[in-house]
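*Asks:* Here it is: the structure, laid out below.
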Amino acid sequence: MSRINTSTKLIKLKKLLPNSKVVVVGGGISGLTFTYFLSKLRPDIQLTLLEKEKRFGGYINSAPVKINGISAIFEKGPRTLRGVSSGTLLITDLLYRTGNLNQLKGVHLTSNGNKKFLVSSNDLNDLSLVEVPGPGQSFNKMLKFLSSKAGISAIKGAFKSIFTINGTKNEKKELSVEEFFTRHFGKDLIYNVGSALMYGVYAADVKDLSARCVMPSIVEIGDKSDSIARYAIGSGLKKAFGNAKANDKYTGNLPPLDEDVKLYRDTFETDLQLTKVREILKRFPMLAFNGGLEKFCQILIENMPANVNVISDDALAKIEKKGDNMIVYSKNGKEFECDHVRSTIGAKSLGACLQGDSELRQLLLDYKYTSVSVVNVFIEGDVKNIKGFGFLIPKAHFNKDNRLIGVIFDSDVESSAKPIFTESILNEVLSNSPCDVEKLKNMALAVHKGSKDLTPKYTKVTLMINIDPLTQEIPSESKIKMIVKDTFERYLNAPLDNINWHMESNHWLQSIPLYDLKYLERKDATFKQLKQYDNKLSLGGMSFAHGVGVPDNVVSSFNAAIELSK
Numbered sequence: 003m004s005r006i007n008t009s010t011k012l013i014k015l016k017k018l019l020p021n022s023k024v025v026v027v028g029g030g031i032s033g034l035t036f037t038y039f040l041s042k043l044r045p046d047i048q049l050t051l052l053e054k055e056k057r058f059g060g061y062i063n064s065a066p067v068k069i070n071g072i073s074a075i076f077e078k079g080p081r082t083l084r085g086v087s088s089g090t091l092l093i094t095d096l097l098y099r100t101g102n103l104n105q106l107k108g109v110h111l112t113s114n115g116n117k118k119f120l121v122s123s124n125d126l127n128d129l130s131l132v133e134v135p136g137p138g139q140s141f142n143k144m145l146k147f148l149s150s151k152a153g154i155s156a157i158k159g160a161f162k163s164i165f166t167i168n169g170t171k172n173e174k175k176e177l178s179v180e181e182f183f184t185r186h187f188g189k190d191l192i193y194n195v196g197s198a199l200m201y202g203v204y205a206a207d208v209k210d211l212s213a214r215c216v217m218p219s220i221v222e223i224g225d226k227s228d229s230i231a232r233y234a235i236g237s238g239l240k241k242a243f244g245n246a247k248a249n250d251k252y253t254g255n256l257p258p259l260d261e262d263v264k265l266y267r268d269t270f271e272t273d274l275q276l277t278k279v280r281e282i283l284k285r286f287p288m289l290a291f292n293g294g295l296e297k298f299c300q301i302l303i304e305n306m307p308a309n310v311n312v313i314s315d316d317a318l319a320k321i322e323k324k325g326d327n328m329i330v331y332s333k334n335g336k337e338f339e340c341d342h343v344r345s346t347i348g349a350k351s352l353g354a355c356l357q358g359d360s361e362l363r364q365l366l367l368d369y370k371y372t373s374v375s376v377v378n379v380f381i382e383g384d385v386k387n388i389k390g391f392g393f394l395i396p397k398a399h400f401n402k403d404n405r406l407i408g409v410i411f412d413s414d415v416e417s418s419a420k421p422i423f424t425e426s427i428l429n430e431v432l433s434n435s436p437c438d439v440e441k442l443k444n445m446a447l448a449v450h451k452g453s454k455d456l457t458p459k460y461t462k463v464t465l466m467i468n469i470d471p472l473t474q475e476i477p478s479e480s481k482i483k484m485i486v487k488d489t490f491e492r493y494l495n496a497p498l499d500n501i502n503w504h505m506e507s508n509h510w511l512q513s514i515p516l517y518d519l520k521y522l523e524r525k526d527a528t529f530k531q532l533k534q535y536d537n538k539l540s541l542g543g544m545s546f547a548h549g550v551g552v553p554d555n556v557v558s559s560f561n562a563a564i565e566l567s568k
């Protein structure tokens, strides 16, 4: 769901001339991976990576803390990777190449750490957490979900889609996610279920998100079919019976890699058999790092090739085009003359640094973003009864006063995460010999069952609070404390009145791209205006990647590096 629609009108980058100079602005995951890929692909090029903070990683920030003598990590931003994605395969290979594959851990799909919950209500409108259906779930828990408002909404939505004609094939108007779901499945499904997922990924209201942008494959089905549910059922039956021989899991033929991963494999001649790695990682929907996700950023910095000059604690001041060259000026007074500038910072930040009153500058300043408060909470001892990844709050139960959109159970995820690449699995994924899917599934299951989950010494959770887009008012510390106490008592049955607890808050203002109804139009216009720079300026980062996820940004950086190198 986090992979967004990419414009078909984007300009293709041209190969850089020999011995070119490139400045990369922004040392987050996009800037780091782009710099790494391009420096490896073109050793003749001189790259300068400019980062405004003293540390690298951008919104990936794994802060070590010590509370009452107990060491822990507070993740201030992203903390896990999706196990099944093209970008995660690239990251896994990078870890192997740098000798850091042992830093990667996974949460198996049947473990407690993978259980996900929704806030829902019963007939009395009492709010509680219901477990979302998943692998290995008991019948009673499945029944509890189906009898909740969330489950009933899902059933009603499916029946509406099956038995009514509600296609959007002739719809010319750009629909929001809320409008699209209401048209196809009824309002209850998006209000009680779907909106929670959108809050979790984009921290935004479904009425403000473009359906064609954030879920293009579903919209495409709606464009060609009067019923998404009927289309899905027909496709499932065709796949199950029409291609049974081709999909036989015992033939030893694994499904092919997607085009991005094939290109990466062929370009870097990987030792890992990425088809096998993919099947292993499918069993681990969440991946984490020893020491936090920022560890990956540190690994990239430590392994940058010699043709990279890394500069931190110095922000971009302005960019201008002079003749055939680009000039980058930093806040500390440095001046860099180069052949190409790769910006991975936010669109607004870049727009403010472009000289002149150009249309491109104005377009960049018009990009929309959402703001969120991230609240890390630490309590000594295991104080809550519910185990899982965490819970999300759908629009039906969104409280405009506290604006809480979700809670992540960090200590549960940590205790469930286990090293994936054991000696037997590593030997298998390095081997060219055929291997069927079932064997790889069993190897992944053996990792999960090979050791018990750790018993947490503490309770660590992260609250995500949406900041009002109109007022941009940051919640006070006293209000945040009230939200934390209410959350533990209301949803986790763990009152904090007589318990010592520690809290840290970070407020990410204008941080997450808002893929609004004008986003695709704005993006097309942006890249059209970019032509005036004649391949001297390119755009990356979350504002222009395939999505907001870390793996999405890695793939976008790889593709851009390929275009500039060949």
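With the working numbering as the guide, the letters of the sequence shown map in order to residues 3 to 568.
Where is the CB? At the ideal position from N, CA and C, for every residue including glycine.
Quantities reported herein were computed from a predicted structural model and do not represent experimental measurements.
Kindly indicate the opening and closing residues of the alpha helix (DSSP H) around tyrosine 201.
*Replies:* For the purposes of this step, residue 201 is identified with residue 199 of the sequence shown, where counting begins at 1. Start and end: 197-204.
*Asks:* Below 8 Å, can you find three or more Cβ-Cβ pairs linking the segment 74-85 to the segment 366-386?
*Replies:* yes
*Asks:* Can you grab the Cα-Cα spacing for the pair valine 409 / serine 22, in whole Å?
*Replies:* Start at 1 with the first residue of the sequence shown, and residue 409 comes out as number 407. Start at 1 with the first residue of the sequence shown, and residue 22 comes out as number 20. The alpha-carbon atoms of valine 409 and serine 22 are separated by roughly 47 Å.
*Asks:* Apart from the five residues just before and just after serine 314, which ones in its own chain have a Cβ nearer than 6 Å to its Cβ?
*Replies:* As a working mapping, residue 314 is identified with position 312 in the sequence shown. Correct list, in chain order: Glu53 and Lys56.
*Asks:* Please state whether DSSP places arginine 44 in a helix, a strand or coil.
*Replies:* Position 42 of the sequence shown, counted from the first residue, corresponds to residue 44. Coil at arginine 44, not helix or strand.
*Asks:* In the structure shown, what three-state DSSP assignment does isoleucine 235 receive?
*Replies:* Numbered from its first residue, the sequence shown carries residue 235 at position 233. Here isoleucine 235 sits in helix by DSSP.
*Asks:* Would alanine 205 and serine 178 be called neighbours here (beta carbons separated by less than 8 Å)?
*Replies:* As a first step, residue 205 must be located in the sequence shown, where it is residue number 203. As a first step, residue 178 must be located in the sequence shown, where it is residue number 176. Taking 8 Å as the Cβ cut-off, alanine 205 and serine 178 do not qualify as a contacting pair.
*Asks:* Only counting the same chain, and skipping five residues up and downstream in sequence, which positions put a Cβ closer than 8 Å to that of isoleucine 501?
*Replies:* As a position in the sequence shown, residue 501 is number 499, starting the count at 1. Exclusion of the five residues before and after isoleucine 501 leaves Ile381 and Val385 as the residues of its chain whose Cβ lies within less than 8 Å of its Cβ.
*Asks:* What span of residues does the beta strand (DSSP E) with asparagine 508 cover, start to end?
*Replies:* The residue labelled residue 508 in the question sits at position 506 within the sequence shown. From DSSP, the beta strand (DSSP E) with asparagine 508 extends over 503-515.
*Asks:* CB-CB under 7 Å to asparagine 249, same chain, minus the five flanking residues each way: which ones, in chain order?
*Replies:* Taking the sequence shown and counting its residues from 1, one reaches residue 249 at position 247. Residue confidence for asparagine 249 is low, a pLDDT of 41 falling below 50, so the modelled location carries little weight; the figure read from the coordinates is stated next. Hits under 7 Å: none found.
*Asks:* Give the secondary structure of glycine 549 by DSSP, where H, G and I count as helix, E and B as strand, and everything else as coil.
*Replies:* Position 547 of the sequence shown, counting from 1, holds the residue named residue 549. Strand at glycine 549.
*Asks:* Please classify serine 122 as buried or exposed, where buried requires at least 16 other C-beta atoms within 10 Å of its C-beta.
*Replies:* Working through the sequence shown from its first residue, we reach residue 122 at position 120. Buried, because 16 or more other Cβ atoms sit within 10 Å of the Cβ of serine 122.
*Asks:* With a Cβ-Cβ cutoff of 8 Å, do phenylalanine 423 and tyrosine 493 count as a contact?
*Replies:* As a first step, residue 423 must be located in the sequence shown, where it is residue number 421. As a first step, residue 493 must be located in the sequence shown, where it is residue number 491. At least 8 Å separates the beta-carbon of phenylalanine 423 from that of tyrosine 493.
*Asks:* How close, in whole Å, do the beta carbons of lysine 151 and asparagine 194 come, if the pair is a contact with beta carbons under 8 Å?
*Replies:* If you number the sequence shown from 1, residue 151 lands on position 149. If you number the sequence shown from 1, residue 194 lands on position 192. That pair is a contact at about 5 Å.
*Asks:* Quick check: the Cα distance between glycine 224 and alanine 160, rounded to an integer number of angstroms?
*Replies:* The sequence position of residue 224 within the sequence shown is 222, counting from 1. The sequence position of residue 160 within the sequence shown is 158, counting from 1. Those two C-alpha atoms are separated by around 14 Å.
*Asks:* Give me the Cα-Cα distance between serine 197 and phenylalanine 270, rounded to the nearest whole angstrom.
*Replies:* Sequence index remark: in the sequence shown, residue 197 carries index 195 (1-based). Sequence index remark: in the sequence shown, residue 270 carries index 268 (1-based). For serine 197 and phenylalanine 270, the distance between alpha carbons rounds to 40 Å.
*Asks:* Excluding five sequence neighbours on each side, which residues of the same chain lie with their C-beta closer than 8 Å to the C-beta of proline 45?
*Replies:* Position 43 of the sequence shown, counted from the first residue, corresponds to residue 45. Within the same chain, Cβ atoms closer than 8 Å to the Cβ of proline 45 are found at Pro307 and Asn309, the five residues on either side in sequence being excluded.
*Asks:* Could you tell me which residues DSSP puts in a beta bridge with proline 66?
*Replies:* Here residue 66 corresponds to residue number 64 of the sequence shown, with the count starting at 1. Under DSSP, proline 66 forms a beta bridge with Ile75.
*Asks:* Let me check understanding here. Comparing Cα to Cα, which of Phe39, Glu133 and Tyr61 lies closest to aspartate 95?
*Replies:* Position 93 of the sequence shown, counting from 1, holds the residue named residue 95. From the listed residues Phe39, Glu133 and Tyr61, the smallest Cα separation to aspartate 95 is found for Phe39.
*Asks:* If we ignore side chains and look at the alpha-carbon of each, how far apart do serine 426 and proline 257 end up?
*Replies:* Translated into positions along the sequence shown, residue 426 becomes position 424. Translated into positions along the sequence shown, residue 257 becomes position 255. Their backbone Cα atoms lie some 22 Å apart in a straight line.
*Asks:* In chain order, what residues of the same chain lie with their CB nearer than 8 Å to the CB of lysine 336, ignoring the 5 residues before and after it?
*Replies:* Position 334 of the sequence shown holds residue 336. The residues are Ile313 and Asp316.
*Asks:* Given 7 Å as the limit, tell me if valine 376 has its C-beta closer than that to any heavy atom belonging to the ligand ATP.
*Replies:* For the ligand ATP, the structure offers nothing, since it holds no ligand at all.
*Asks:* Would you mind reading off the limits of the alpha helix (DSSP H) that contains proline 220?
*Replies:* The count along the sequence shown starts at 1 and reaches residue 220 at position 218. Contrary to the premise, residue 220 reads as isoleucine rather than proline in this sequence. It spans 218-226 - the alpha helix (DSSP H) in which isoleucine 220 sits, taken as one unbroken run.
*Asks:* For leucine 365, I'd like the list of residues in its chain whose CB is within less than 7 Å of its CB, leaving aside the five on either flank, ordered along the chain.
*Replies:* Taking the sequence shown and counting its residues from 1, one reaches residue 365 at position 363. Here the set comprises Arg524, Ala527, Thr528 and Gln531.
*Asks:* What residue range is occupied by the uninterrupted beta strand (DSSP E) comprising phenylalanine 291?
*Replies:* Numbered from 1 along the sequence shown, position 289 holds the residue referred to as residue 291. Note, phenylalanine 291: beta strand (DSSP E), 288-291.
*Asks:* So, under 8 Å CB-CB, tyrosine 61 and proline 80 are touching, yes? Tell me the CB distance rounded to an integer number of Å.
*Replies:* Within the sequence shown, numbered from 1, the residue matching residue 61 stands at position 59. Within the sequence shown, numbered from 1, the residue matching residue 80 stands at position 78. In this structure tyrosine 61 is in contact with proline 80, their Cβ atoms being roughly 7 Å apart against a cut-off of 8 Å.
*Asks:* Any idea if leucine 566 is buried or exposed, counting beta-carbon neighbours within 10 angstroms, 16 or more meaning buried?
*Replies:* Residue mapping note: residue 566 aligns to position 564 of the sequence shown, counting from 1. So leucine 566 ends up on the buried side.
*Asks:* May I have a chain-ordered list of the beta strand (DSSP E) segments no shorter than 3 residues that lie completely inside the segment 419-489?
*Replies:* 460-468
*Asks:* So is isoleucine 72 in contact with chain C if we call contact Cβ pairs under 8 Å?
*Replies:* This model lacks chain C altogether; it includes just one protein chain.
*Asks:* What do you get for glutamate 479, buried or exposed, if any count of 16 or more other CB atoms within 10 angstroms of its CB means buried?
*Replies:* Mapped onto the sequence shown, residue 479 falls at position 477. Per the 10 Å Cβ criterion, exposed.
*Asks:* Look up lysine 538 in the DSSP assignment and say whether it is helix, strand or coil.
*Replies:* The sequence position of residue 538 within the sequence shown is 536, counting from 1. In the structure shown, lysine 538 sits in coil (DSSP, three-state: anything other than H, G, I, E or B).
*Asks:* Please report the Cβ distance between serine 32 and valine 263, rounded to the nearest whole angstrom; I am assuming they are in contact, meaning their Cβ atoms lie under 8 Å.
*Replies:* Translated into the one-based positions of the sequence shown, residue 32 becomes position 30. Translated into the one-based positions of the sequence shown, residue 263 becomes position 261. Actually they are not in contact, since the Cβ atoms of serine 32 and valine 263 sit about 18 Å apart, beyond 8 Å.
*Asks:* Taking the beta carbon of asparagine 495 as the centre, do at least 16 other beta carbons fall within 10 Å, making it buried, or is it exposed?
*Replies:* Mapped onto the sequence shown, residue 495 falls at position 493. Flag for asparagine 495 reads exposed.
*Asks:* To which residues does DSSP link arginine 492 through a beta bridge?
*Replies:* Within the sequence shown, numbered from 1, the residue matching residue 492 stands at position 490. According to DSSP, which records beta bridges pairwise, arginine 492 is partnered with nothing at all.
*Asks:* If we require 4 or more residues per run, which alpha helix (DSSP H) segments fall completely within the segment 262-329?
*Replies:* Correct list: 276-283 and 296-304.
*Asks:* Quick check on the DSSP output: the alpha helix (DSSP H) that includes valine 179 runs from which residue to which?
*Replies:* Residue numbering aside, residue 179 sits at position 177 when the sequence shown is read from its first letter. Run containing valine 179: 179-187, per the alpha helix (DSSP H) assignment.
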